[in-house]
Amino acid sequence: MPDPATNAPEHILVIDDDRDIREDLRAYLTENGYRVSTAENAPAARRGIHSEEPDLILLDVMMPGEDGISLCRSIVRLTSIPIVFISARTDEIDRIVGLEVGADDYVCKPFNPRELLARVRSVLRRSNGNNREMTPEKTRYFEFDRWTLDTAKRCLTRDDGVIVSLSSGEFQLLMIFIARPQIVMSRERIVELSHAEGADVFDRSVDSQVSRFRKKIERDPKNPDIIQTVWGGGYVFAADVKKL
Amino acid sequence: MLVIMAVLSTFILVFVIVQFQMSSRDDLPGRAMRVAQSALSELQVQGWPQSLPVEELKRLKVDDYFVGDHPIARPGSSYREEELRAHLGLADNVAVGVRFFGPRMGRPGDFRELTEFGPPEDGSRPAGPPDADASPQPQRDFGLGQRIMVSIEVSEGTWINLRTTPIKLEGPGPGLLPVAVLVVLMIGIGVWAAMNAINPLRQMAKAANTLASDYTHQPLAEQGPYDVRESLRAFNRMGRRLESTVAGQRQLLAAIGHDLRTPITSLKLKVEMLADANERERMRRALFELERITEAALAAATAGQSGKPFQPLDLFSLVDSLVEDLADLGLAVSFVETDHRPIVMGRSDELTRSLRNLIENAVRYGERASVELSERQGMATIQVRDSGPGIPVDAIDRVFEPLVRLEESRNRKTGGHGLGLHIAKTLVEAHGGRISLENLEEGGLLATIALPLKADA
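Just so you know, the protein sequences line up as chains P and H, in that order. All residue numbers for the first sequence refer to our numbering, where the first residue is 1319 and numbers rise by one. All residue numbers for the second sequence refer to our numbering, where the first residue is 2 and numbers rise by one.
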């Protein structure tokens, strides 16, 4: 694995049956400082992976012959190369399946190239930091109080089956809390964590975010059980969290 | 169906008529004799101890009786005398006479003697089945409008003479009941036949409305009278054709939309590598627009076709999250505080998309959007108000049709694609809900989504 510090370009393998996309991605990623090789189908991809292990794989879901999902499963079984899916499908189901077979991220065509670049960087950073196991996305369901959180669908299900929607901000806030139950966090710490985890939505204050969120999940928002205020300290996620 | 009903009703009709005939003829002479006996009993009450069978009297009333010194029905007038004697339990030495009368045609109240009940031909022909070789079998019919007279010698030279009223259809017997049943039955059959013709037409009207609103065709049962059946068949044919045509167009649109994603992606990547920053920005905007239209067309083509199951949704959280996300994207949208927490059955992504389209429209044409959530009349209601000029009243229905845009010039500037409201309407209606627009008196446009509340919520 090339050391980012040594300026050796990281190697990305692009697997897509569409020639234009392959060549455009090669050109775009090369221009942005990566070394790129391409494969048009699963057998070519396997040869590429064997001959020279890439640092990251961009993988098209729908390909003639063996599809991306199946290829992803076998790559994940044999190597620890991070995989980002590219697909023209936007169905939630595909996104979830993609993440469940072990992909690290998922972008949909027509993606914004700069967004793709940001995701590639973020996945590479995580994989180089060797902390992939710690990323909370690896667990899909969390349970706390009377709620089940589905991180893939980004929604909460109450114990009576009612689905409660979360805004992006609320989801990020919940992910921060859920990873650190029973730990008191100051407002500054929460903002810091939100930036660290790629969140950029905390324009509004943490206080107003928390108070909005309580209306959705607390039995009595004025007398909260789950996210409690610690006077002078910040907030604590007081409920027990179970990974499912 | 019709044939079965016809056969059934004919059968009932015949049954009723036969019953009626049977009951009105039911051994009438025998009954007349019983009545005579009753009459006798009545007389006996005055002198002879015997109970009185009132019911029989009621059925066949003794019209008149008198005691006289001569009989109005002389013994030997009818062959059924012996029968009567037996019925009445009279001793052989009591003289009995009976005569049968029928109404004279065309002269109400006038009677003629029925000769077929006449005297025994050879004096040796009492009641009972006649011999097989007997000459013309006396007709035993005795029924409607007929009456009998009975004379009985109760003592030497003293005769009791009875006359019954003509037999009428009344009282607790067969009476008017069969006729009433018949009339009701006829009316019933008439109404049924009419409904049989009208109901399919009603269903056709309903199906035509459904077809006109969402291009889905529920095949109608081809039933009813011939002409109706033919119309239904033609309607079904038309519905199937229309549905498959529209479905085909949707598939085509979806396929095109889907296939455009790859070249758009390719173009986006190429644009990022353009050297000229101005050119790059212009191309990005054009591509963004192309992508937006493609996605909208794709959404319109696939709206409501996902087939994913409905789930109970907390509508408050759905609206609140969407408003917050859109506000974070810089849209001028606010959510009015509410204590309502309606639960509806639905697909969260589709309802979110519907509401987002309304909010984006409100912000695009009406500067800002104010969203309210409430419950009224068993429906959860989401209202989106804007501060724009509203829309012409005659265009209110038209704007829900695909690709209808009201002001081309304004539209180009504001970037609508004419599919947002159509998609919203399709999705809301797939949830059994309604969507409507109205101009507010104080200015601005009010868009309303009404969704049925979850049944037990």
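Note that the Cβ used here is the ideal one computed from N, Cα and C, for glycine as well. Nothing here was measured: the structure is a model prediction, and the numbers come from that model.
Residue i versus residue j: straight-line alpha-carbon distance, rounded
i       : j       : result
E1358/P : M1380/P : 11 Å
R113/H  : P104/H  : 6 Å
P137/H  : M196/H  : Here P137/H scores only 44 on pLDDT, less than 50, and its place in the model should not be relied on; the value that follows carries that caveat. When rounded, the distance between both Cα atoms is 52 Å.
S125/H  : M150/H  : Since pLDDT at S125/H reaches only 46, below the 50 mark, its modelled position is unreliable, and no value is offered.
D1422/P : P1400/P : 6 Å
T165/H  : V97/H   : 16 Å
V155/H  : E117/H  : 27 Å
R1571/P : T1547/P : Given a span of 1319 to 1562 for chain P in the structure shown, any question on residue 1571/P remains unanswerable.
A363/H  : A328/H  : 13 Å
L1331/P : E1371/P : 9 Å
D340/H  : F1531/P : 15 Å
P1454/P : I1535/P : The predicted position of P1454/P is uncertain, since its pLDDT is 43 and thus under 50; a value taken from the coordinates is nonetheless stated next. Near 21 Å, if we compare the C-alpha coordinates of I1535/P and P1454/P.
L330/H  : N1430/P : 16 Å
S1529/P : R1472/P : 19 Å
G444/H  : L438/H  : 13 Å
R238/H  : N1350/P : 59 Å
E84/H   : V68/H   : 22 Å
E325/H  : Q1527/P : 10 Å
C1390/P : A1345/P : 24 Å
G347/H  : A181/H  : 54 Å
V334/H  : R354/H  : 15 Å
R342/H  : P1542/P : 18 Å
S1355/P : T382/H  : 54 Å
E1343/P : L253/H  : Residue identity differs from the one stated: residue 1343/P is Leu in this sequence, not Glu. Their backbone Cα atoms lie some 29 Å apart in a straight line.
Burial state of residue i (16 or more Cβ within 10 Å)
i       : result
R293/H  : exposed
Q1500/P : exposed
R386/H  : buried
G172/H  : The pLDDT assigned to G172/H is 45, lower than 50, so where the model puts this residue is not dependable, and the model offers no usable value.
T159/H  : exposed
L422/H  : buried
Q250/H  : exposed
A87/H   : exposed
G1386/P : buried
K269/H  : buried
M1493/P : buried
R1395/P : exposed
Q1490/P : buried
S1368/P : The amino acid at residue 1368/P is misidentified as Ser; the sequence shows His. With fewer than 16 other Cβ atoms within 10 Å, it is exposed.
R81/H   : buried
H71/H   : exposed
E157/H  : exposed
P201/H  : buried
Under 7 Å from the C-beta of residue i: neighbouring residues of chain H
i       : result
K1427/P : R262, T263 and T266
D1342/P : S267, L270 and K271
D1336/P : T263
Per DSSP, cross-strand counterpart(s) of residue i
i       : result
N162/H  : F67/H and S152/H
F112/H  : P104/H
H1329/P : R1353/P
T382/H  : S375/H and A451/H
A333/H  : Beta-bridge pairing links A333/H to no other residue.
A370/H  : V334/H and D387/H
L1396/P : Partner(s): none; L1396/P has no beta bridge.
R435/H  : A451/H
C1473/P : D1468/P and S1483/P
G1552/P : V1548/P
N440/H  : L446/H
Within chain H, partners of residue i - CB distance below 8 Å
i       : result
N1430/P : K269
E1488/P : S322 and E325
G1479/P : Q312 and P313
Contact list for residue i against chain P, beta-carbon separation under 7 Å
i      : result
M274/H : A1345, Y1346 and E1349
S318/H : V1482, S1483 and K1534
The ligand ATP heavy atom lying under 8 Å from the CB of residue i
i      : result
K309/H : Looking at this structure, you won't find the ligand ATP or any other ligand, since it has none at all.
Chain C within 9 Å of residue i, Cβ atoms only
i       : result
I1339/P : Protein chains P and H are contained in the structure displayed, whereas chain C is not.
### Short-range partners of chain P found in the stretch 290-316 of chain H, where Cβ spacing is below 7 Å
E292, Q312, P313, L314 and D315
#### Entry: Near-chain H residues of the stretch 1523-1556 of chain P (beta-carbon distance less than 8 Å), N- to C-terminal order
R1530, K1533 and K1534
### Query
Taking any Cβ of chain P, which residues in the stretch 336-363 of chain H have a Cβ under 9 Å from it, in chain order?
I344, S349, D350 and T353
#### Entry: Interface positions of the stretch 324-336 of chain H facing chain P (Cβ-Cβ less than 7 Å), listed along the chain
Correct list: E325, D326 and D329.
### Query
Relative to chain H, which residues along the stretch 1460-1475 of chain P have a C-beta separation below 9 Å, given in chain order?
K1471, C1473, L1474 and T1475
### Task
Determine which residues of the stretch 427-456 of chain H have a Cβ less than 8 Å from any Cβ of chain P, and write them out in chain order.
none
### Query
If you measure beta-carbon to beta-carbon, which residues of the stretch 370-397 of chain H are closer than 8 Å to chain P?
If the cut-off is 8 Å between Cβ atoms, the stretch 370-397 of chain H has nothing near chain P.
### Message
What are the residues in the stretch 1377-1407 of chain P lying within 7 Å of chain H by C-beta distance?
### Response
For the stretch 1377-1407 of chain P, which is checked against every Cβ of chain H, the residues closer than 7 Å are A1406.
### Task
Could you run through the stretch 212-225 of chain H and flag, in chain order, every residue whose CB is less than 8 Å away from some CB of chain P?
none
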